[in-house]
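For the sequence shown, this note's numbering assigns the number 472 to the initial residue and increments by one for each residue that follows.
Beta carbons: idealized from backbone N, C-alpha and C, even for Gly.
So the structure is just underneath, and the comments pick up after that.
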Amino acid sequence: MEHEIHNEGSGALLQVSLKQNEAVKAESNAMVAMSGKVTVEGKMDGGLFGGLKRAFSGEKFFVQVLTAKQEDGMVLLAPSLPGDIKVLTVKPGLQYLLQRGAFLAAMGGADVDTAMQNLAKGFFSGAGFFVQKTQGNGKIAVSAFGAIQEIDVPAGEEFVVDNGHLVAWTDTMTYKLEKAAKAGWFSSATSGEWLVCRFKGPGTLFVQTRNPSAFSEWVRAQVPSKS
472 MEHEIHNEGS GALLQVSLKQ NEAVKAESNA MVAMSGKVTV EGKMDGGLFG GLKRAFSGEK
532 FFVQVLTAKQ EDGMVLLAPS LPGDIKVLTV KPGLQYLLQR GAFLAAMGGA DVDTAMQNLA
592 KGFFSGAGFF VQKTQGNGKI AVSAFGAIQE IDVPAGEEFV VDNGHLVAWT DTMTYKLEKA
652 AKAGWFSSAT SGEWLVCRFK GPGTLFVQTR NPSAFSEWVR AQVPSKS
């Protein structure tokens with residue numbers, strides 16, 4: 472199984488080339504185009520409980536599985552939001568936690584499952600009470616709103632990220648939520664930044680250059696109110 476990212480940036484597209492009998496699991500409705508003999512099947516991966524866990528983590532209830540059953544084939548996948556795609560290598564000792572909505576596809580022996588955060592992180596982090604955690608050995612494609620910036624954080628060092636800009640982070644990292652401004656809630660509010668995540672290395676962060684929630688607020692502000 473091979474992959475290639477086309478049109479890097481706001482119009483990114485993931486091409487997955489499949490050998491006969493290989494399959495790729497993708498977010499529901501991610502398929503843009505595919506070879507004529509590739510089959511697509513909607514699945515409630517993990518049964519009803521698995522579907523509910525995905526829904527709680529901000530993903531769709533079903534996933535789609537695209538399989539090259541008769542011969543080699545190719546599929547094109549894209550996320551719902553305009554933005555970049557990043558393919559992460561996962562293996563024993565190198566796994567990631569994904570922000571809600573970040574998962575696009577799982578290739579090879581890689582997969583994702585749902586993990587629960589504690590009450591405070593779930594309520595305030597923007598990721599919800601559940602996040603997705605990668606597992607297995609293979610490739611995981613994630614998507615973002617805007618471009619994806621990779622940040623390496625050395626052991627013992629800290630890095631602060633606005634919770635609306637998170638995409639993924641290695642599971643070796645710990646983080647805590649705090650006010651953006653040390654002076655207090657009023658300073659945080661007037662700065663336009665409320666809560667941030669303070670990560671501690673070692674590990675790698677992937678952040679998106681645009682905030683989906685902030686964009687939604689901007690769109691709502693442009694809609695004329697009813698007189």
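Taking each of V536, M472, N492, L485 in turn and checking the Cα distance to S499, the smallest one comes out for V536. By the beta-carbon neighbour count (other beta carbons within 10 angstroms, threshold 16), P563 is exposed. In the DSSP assignment, A618 falls outside any alpha helix (DSSP H) and carries neither an H nor an E. Beta-bridge analysis with DSSP links V632 to C668.
Judged by pairs of C-beta atoms under 8 Å, the stretch 499-511 does not touch the stretch 552-566, as fewer than three such pairs exist. In the DSSP annotation of this structure, the continuous segment of the beta strand (DSSP E) that includes V561 starts and ends at 556-561. Counting of Cβ neighbours within 10 angstroms places S684 among the exposed residues, the total staying below 16.
A distance below 9 Å separates the beta carbons of V678 and L637. CA-CA distance, V546 to Q620, rounds to 26 Å. For Q535, the enclosing beta strand (DSSP E) begins and ends at 534-538. Put simply, the backbone Cα of V558 is about 30 Å away from that of A651. Here A639 is near L568, since their CB atoms are less than 9 Å apart. Around L676, the same chain offers I622, V624, F630, V632, W640, F670 as residues with beta carbons nearer than 7 Å, after the five sequence neighbours per side are excluded. In this structure, G544 sits away from K514, with a CB-CB distance that is not shorter than 9 Å. In this structure, the CA atom of Q486 is about 23 Å from the CA atom of R571. Distance check between E493 and each of T643, E479, M472 places M472 closest, using alpha-carbon atoms only.
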